[in-house]
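Chains R and G are the protein sequences, given in the same order.
Counting from -4, one number per residue, gives the positions in the first sequence under this note's numbering.
Counting from 5, one number per residue, gives the positions in the second sequence under this note's numbering.
All residues carry an ideal CB built from backbone N, CA and C; glycine is no exception.
Everything below concerns the one structure shown next.
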Amino acid sequence: MNNLLSLEWLGEFVNVSVSKEDLAQRLSLTGAGVEHIYLQSEWLEHVVVGKIISVEPHPNADSLHVCRVDVGKHTAQIVCGGVNLFVGELVIVALPGAQVQWHGESERILIGNTTLRGVESAGMICASNEIGLGDIMPAADRFIADVSFLKNVKTGTPIITALGLGDTIFDIEATTNRPDLMSVVGIAREAVAARGAEFKKRAEPRLPKSSRALPALVLDKKLCPRYIAVKIEGIRVGESPWWIRRRLGAAGIRSINNIVDITNYVRLELGQPMHAFDATKINKKIVVRRASDGETFVALDDTKHVLTKEMLVIADDENALAVAGVMGGKESAVSEETTSIIFEAAAFDGVSVRRTARTLGLYSDSQLLFEKGLSTEAPVAAMARVVELALEIAGGAVVGVADISASAYKHLVFPFDFARVESFVGEKISLVEMKRILASLGFTIKGAGTKVKIHVPTWRDHDIESPVDFIEEIARVYGYHNLPSSLPVGRIPERHADVELVSEKELREFFATRGFHETYTYSFLSEEDLRRSELERALTVAIQNPLSSEYTHMRPSLIPSLLRVIAENEPNFPAENIFEVSNVYHPVKNESAHEELRLAAAVWSPEKNGVQFFALKGAVQHVCDEWGIENIFANKISKINPLFHPGRQITLEKNGSIIGTLGEIHPLILKQFGISGRVAMLDASVGLFTQQRAHGKKFKAPAIFPIAKRDVAFVVDERITYAAITQMFESFDLKLTSFELFDIFRGTSIGVGKKSFAFHISYSLPDRTLAAEEVEIAHSNLVAMLVRNFGAVPRE
Amino acid sequence: MDLIQNFAALAEQAAQILTTVRDLPDLEEVQIDFLGRKGRLAAAMAGMKVVSAEDRPRVGVAANEAKQKIQNLIDEAHARLEKAAFATLAETEWIDVTEPGKNTARGSLHITTQTINEITSLFERVGFTRVRHPEIDWDWFAFEALNMPPTHPARDEWETFFVDTPHDEKKGKLVLTPHTSNGQIHEMQKHRPPIRMINIGKCYRRQSDITHVPMFHQFEGLVVDRGISVANLKGTLEYFAREFFGHDRKIRLRPYHFRFTEPSFEIDVSCGLCHGTGSSGDGKCRVCKQGWLELGGAGMVHPHVFKACGIDADEYTGFAFGWGVERSFMMKSGVNLPDLRELYKNDLRFLKQF
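Written out as structure tokens, the structure is:
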């Protein structure tokens, strides 16, 4: 939340002892971040006070006038369309060379000597919004700014000087726990603590006493622990004096009328929101109560609302007059006709104010402060100040006061030991300085030495929660930038590496270096995604308050996410490889969800012959070789996975645990996702995959005795599997030590439904050299067995 | 004694002939002629048979000297001729080196992974261990134990995702964690100090626009031990800034407010573009505020948080810090995505650039 602070206003509370830039720096480093420094009016050069000498009709245009204006050194002829021009009026004149905002639009244009409908015009008589003063001097369309209220001002005086617009503004960001920094007085305390200013002596106004009690009733003291109301009769509602309008303008607040302006003025000055009611619109008495369900309310901004019983309202005997702490009602608003008013200063429960505002979609500067939590004691000083200003500016007399408290105010007190500060912040700060810092911020220290009791000032009774907060106050004002800096020393904790994290990193690097692009998809899926990938909703973690229908469930599988990515990229990339390592989520009854880290990798291209499958299988085999995992692919599928092509899937399985599935995605599912090519996908559990690494790689000494190599090529039926043949090799004879497939061939030359395999076969023994005859016998036995078992036809 | 002179003469002959040798095959012939089994040296050696036993050692030395000398001369010639032979290599074996290289299929790691790897590795160098904690967690871990009472705004529906499941009586609602700070609680419940963890994970918030993604990544550092001070937090963050952003970068702590740390800080890192001056060339620096960029939040672990985890706040102190992985790399690389959601759209035209 941001506070636009007028330095002129600040000067009423303190004498600033450093430069503006230095002050901004000190505030920023100690707590109140000054985001920008700017002048209230940065571009009003060549804009001066002028006095109208004559007003004549324009010869060629009914809506224009030709004025002669005294602008100091000379008299200028200016054509003007204003409807409130009169002789003797003090106006704001933009001379040639000045900039204005045409009809209040943000872009600025340069004024020059010009001719309007045949009449020369040397400048412009400005409306307030044309020179950025629309908020301070609100005006109807075609009304020029009348500054006749200025006394003793010479014509030709720059408008910045005449209107006192030379103020400097700090745009300050306050943290949410410090609503006190949203006020002039709050920043004044910070400035003093940061040694950028000294307090001025000020007489504090006192809450007026009145013999007549104001009838008021607070029915819910939990939501309204303090309620002060003061009635003033005989006031005159009108335009605020210039100095109030100017200061509100500096804070970006629009002037409404003197009474409303005063409530805003006090909020800006002291940080306590205020409200004013037209007293005649209040039937009998003020009642602070919860709304009834269905009660209706029309707010100041003309919006209509239906209230609920969770909401607090300020009502009279019958109707809600204001939503407590959020916004006043249209009906009881102060108007030009108002002569009797009731000011309200109260404390409302911050949570209730916040929830009410959110529910109604109704926001205001007051609500923003209340929802941060304000002291129940703050309304006292604020009411005193508001009444002081009202009597001075709008006249009238106090005729009734109500002050209702849930309980008597008790200062927050904590024990504190200054000796703790040094080890906590890593720097020795003198006791005198620590005490000075706390005192300047309004804390009262009871006791001598380091062990003391500290009383918290009212304006900090919400954010100070424990003694450690005092350390923060001391350290921040001392300056974090003044503290030393060093890496922690001491014992480094010994922790086992998370093996899954290690594997995860290796898997990512493995796939990335083998031509796969890593994706990061949202963890959410839509109902539609679940449906089209045939995943059961009951087995997902559903989100109660999804952001949109696109993201309603936490994914139980990475497959739909990757299919979406493929569908979106396929038009640009008909063939590519991607992968992702991310959690999937499974609901667990009466427990937090189970998060499972999974790896999904996909290869897609237009071919329908299964090449994608083998490309991906090769990559998986590589990982297994790298990790020393043998025979990860199951030879038989125990259960068909419906997401995958029924004839093109294989399970990754080892030591009884199912690690994942590799296969082509079922063409029907691809169609659902709008993918026209074919996709091979690996979907595996990183945890289970990792477990298989435990066994590690095995070392086999290289053969000492010579290896005899023979090749065999043969034709078999297509359905005779590689696995069946190699199983036979493995159980054939101890002499057969290794085999390697080096060719697969299919073609009309060997017949339809046939394929040819060609293998290198190695024969050796661990303890002696094989004789040539032994090798020949073994190899011919092998060929014979291929013929016998598989009906193989050997090829030459 | 003729024999000795013979040997010396052989060396001289070899030197003479070698000056005329023009290529390696010729040299080979010379070598065979002089040092071969039936060569001139061998022939001269045959004369040794008639040398008296008394002279034999001297003659032997001379023979060896000659052999060595000839061998050296041949080696020199070989080196010279070989060099000459390669002198024309540039012409005879010229290839066009400006042709593009043969590509092995190039994949890529997502920029988020690259950043996570970098952050992990730099913290591991100073004794932190990377850990993982739940993304879907109970309210108690995500808020309550972090000193966020039930009325805290972050717990209101419009910022946090809730899981559609019954409440737990003690632990409250199940949420998608909006930050990685729940990891602090799990870590401190499972491990006694000293603790130095770095928890990196996915987080979720109900917001999606050009500067917000509903899923993002945070990293959370936590150090708990005896005597840990604000100075140690500063030191750690400065180390991070130097290692991650560059050795000339500085950090600045500003007062801030978080419920689970006290004091709390906002961390600024000096701007790399304007070198912390706030101005570049003709005016204000276009990327920073007066020389500083907002990086993230940090603070000293709040005593209430220690209490919730059963750690004695009088004995131990600690600090925590954490912010977005995405923010870190955008600040580091100067990559300015017009729409942050681009990161997780997975358009290969985007992914292939990293």
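Given that residue i touches chain G, what residues does it touch there, using C-beta distances under 7 Å?
{"i": "residue 539 of chain R", "result": "166, 167, 168"}
{"i": "residue 25 of chain R", "result": "259"}
{"i": "residue 560 of chain R", "result": "350"}
{"i": "residue 306 of chain R", "result": "Neighbours of residue 306 of chain R on chain G: none; closest Cβ ~16 Å, over 7 Å."}
{"i": "residue 555 of chain R", "result": "Within chain G, no residue comes near residue 555 of chain R; the closest Cβ sits about 13 Å away, beyond 7 Å."}
For residue i, which residues in chain R fall below 7 Å Cβ to Cβ?
{"i": "residue 2 of chain G", "result": "Here chain G covers residues 5 to 358 and nothing more, so residue 2 of chain G does not appear."}
{"i": "residue 219 of chain G", "result": "517, 518"}
{"i": "residue 131 of chain G", "result": "487"}
{"i": "residue 157 of chain G", "result": "349"}
For the alpha helix (DSSP H) containing residue i, name the first residue and the last one.
{"i": "residue 416 of chain R", "result": "415 to 420"}
{"i": "residue 685 of chain R", "result": "681 to 686"}
{"i": "residue 96 of chain R", "result": "Looking at the DSSP string, residue 96 of chain R is not in any alpha helix (DSSP H); the run it does join, the beta strand (DSSP E), is 94 to 96."}
List, in order along the chain, the chain G residues whose C-beta lies closer than 8 Å to that of residue i?
{"i": "residue 476 of chain R", "result": "256, 257"}
{"i": "residue 496 of chain R", "result": "134, 136"}
{"i": "residue 514 of chain R", "result": "114, 350, 355"}
Buried or exposed for residue i, going by 16 or more other Cβ atoms inside 10 Å?
{"i": "residue 557 of chain R", "result": "buried"}
{"i": "residue 706 of chain R", "result": "exposed"}
{"i": "residue 49 of chain R", "result": "exposed"}
{"i": "residue 143 of chain R", "result": "exposed"}
{"i": "residue 68 of chain G", "result": "exposed"}
{"i": "residue 238 of chain G", "result": "buried"}
{"i": "residue 656 of chain R", "result": "buried"}
{"i": "residue 306 of chain G", "result": "buried"}
{"i": "residue 330 of chain G", "result": "buried"}
{"i": "residue 266 of chain R", "result": "buried"}
{"i": "residue 514 of chain R", "result": "buried"}
{"i": "residue 354 of chain R", "result": "exposed"}
{"i": "residue 118 of chain R", "result": "buried"}
{"i": "residue 58 of chain R", "result": "exposed"}
Identify the continuous beta strand (DSSP E) that holds residue i and give its terminal residues.
{"i": "residue 171 of chain G", "result": "No beta strand (DSSP E) contains residue 171 of chain G, which DSSP labels as neither H nor E."}
{"i": "residue -1 of chain R", "result": "-3 to 1"}
{"i": "residue 46 of chain R", "result": "42 to 53"}
{"i": "residue 198 of chain G", "result": "Per DSSP, residue 198 of chain G belongs to no beta strand (DSSP E) and is neither H nor E."}
{"i": "residue 321 of chain G", "result": "321 to 328"}
I'd like to confirm the pairing. Which residues does DSSP put opposite residue i in its beta bridges?
{"i": "residue 75 of chain R", "result": "R:60"}
{"i": "residue 501 of chain R", "result": "According to DSSP, which records beta bridges pairwise, residue 501 of chain R is partnered with nothing at all."}
{"i": "residue 536 of chain R", "result": "R:549"}
{"i": "residue 222 of chain R", "result": "R:341, R:399"}
{"i": "residue 293 of chain R", "result": "R:299"}
{"i": "residue 752 of chain R", "result": "R:709, R:739"}
{"i": "residue 475 of chain R", "result": "The partner list for residue 475 of chain R (beta bridge, DSSP) is empty, contrary to what the question assumes."}
Name the chain G residues that come within less than 9 Å of residue i, Cβ to Cβ?
{"i": "residue 422 of chain R", "result": "233, 234, 235"}
{"i": "residue 485 of chain R", "result": "198, 229, 230, 231, 232"}
{"i": "residue 662 of chain R", "result": "Residues of chain G passing the Cβ test: none, with the nearest at roughly 23 Å."}
{"i": "residue 851 of chain R", "result": "Here chain R comprises residues numbered -4 to 791, so residue 851 of chain R is not present and cannot be evaluated."}
Strictly below 9 Å CB to CB, what residues from chain R border residue i?
{"i": "residue 261 of chain G", "result": "170, 171, 172, 173, 458"}
Which residues in chain R have a C-beta closer than 8 Å to the C-beta of residue i? List them in chain order.
{"i": "residue 109 of chain G", "result": "509, 510, 572"}
{"i": "residue 1 of chain G", "result": "Nothing about residue 1 of chain G can be read from this structure; chain G reaches only from 5 to 358."}
### Query
Are the segment 738 to 757 of chain R and the segment 696 to 713 of chain R touching by the rule of at least three beta carbon pairs closer than 8 Å?
Judged by Cβ distances under 8 Å, the segment 738 to 757 of chain R makes contact with the segment 696 to 713 of chain R, as three or more pairs qualify.
### Query
Are the segment 131 to 147 of chain G and the segment 171 to 186 of chain G touching, with three or more C-beta to C-beta distances below 8 Å?
A contact exists between the segment 131 to 147 of chain G and the segment 171 to 186 of chain G.
### Message
Assess contact between the segment 317 to 331 of chain G and the segment 225 to 242 of chain G, defined as three or more Cβ pairs (one per stretch) separated by less than 8 Å. Is contact present?
### Response
Yes: the two stretches touch, three or more of their Cβ pairs being nearer than 8 Å.
#### Entry: Segment contact, 8 Å Cβ cut-off, at least three pairs: the segment 285 to 296 of chain G with the segment 260 to 267 of chain G
Touching, no, given that fewer than three Cβ pairs across the two stretches are closer than 8 Å.
### Message
If contact is defined by three or more beta carbon pairs under 8 Å, each pair taking one atom from either stretch, is the segment 361 to 372 of chain R in contact with the segment 423 to 430 of chain R?
### Response
With a cut-off of 8 Å, the segment 361 to 372 of chain R and the segment 423 to 430 of chain R do not count as touching, because too few Cβ pairs lie within range.
### Query
So, do the segment 385 to 403 of chain R and the segment 210 to 223 of chain R have three or more beta carbon pairs nearer to each other than 8 Å?
Contact annotation: the segment 385 to 403 of chain R touches the segment 210 to 223 of chain R, with at least three C-beta pairs closer than 8 Å.
### Query
Are the segment 497 to 507 of chain R and the segment 694 to 701 of chain R touching by the rule of at least three beta carbon pairs closer than 8 Å?
With the cut-off at 8 Å, the segment 497 to 507 of chain R and the segment 694 to 701 of chain R do not touch.
#### Entry: Inter-stretch contact (C-beta, 8 Å, three-pair minimum) for the segment 231 to 245 of chain R and the segment 255 to 264 of chain R
These segments touch.
### Message
Below 8 Å, how does it come out for the segment 89 to 102 of chain R and the segment 155 to 166 of chain R: are there three or more Cβ pairs, yes or no?
### Response
Judged by Cβ distances under 8 Å, the segment 89 to 102 of chain R makes no contact with the segment 155 to 166 of chain R, as fewer than three pairs qualify.
### Query
Below 8 Å, can you find three or more Cβ-Cβ pairs linking the segment 107 to 125 of chain G to the segment 505 to 523 of chain R?
Between the segment 107 to 125 of chain G and the segment 505 to 523 of chain R there are three or more inter-stretch CB-CB distances shorter than 8 Å, so the stretches are counted as touching.
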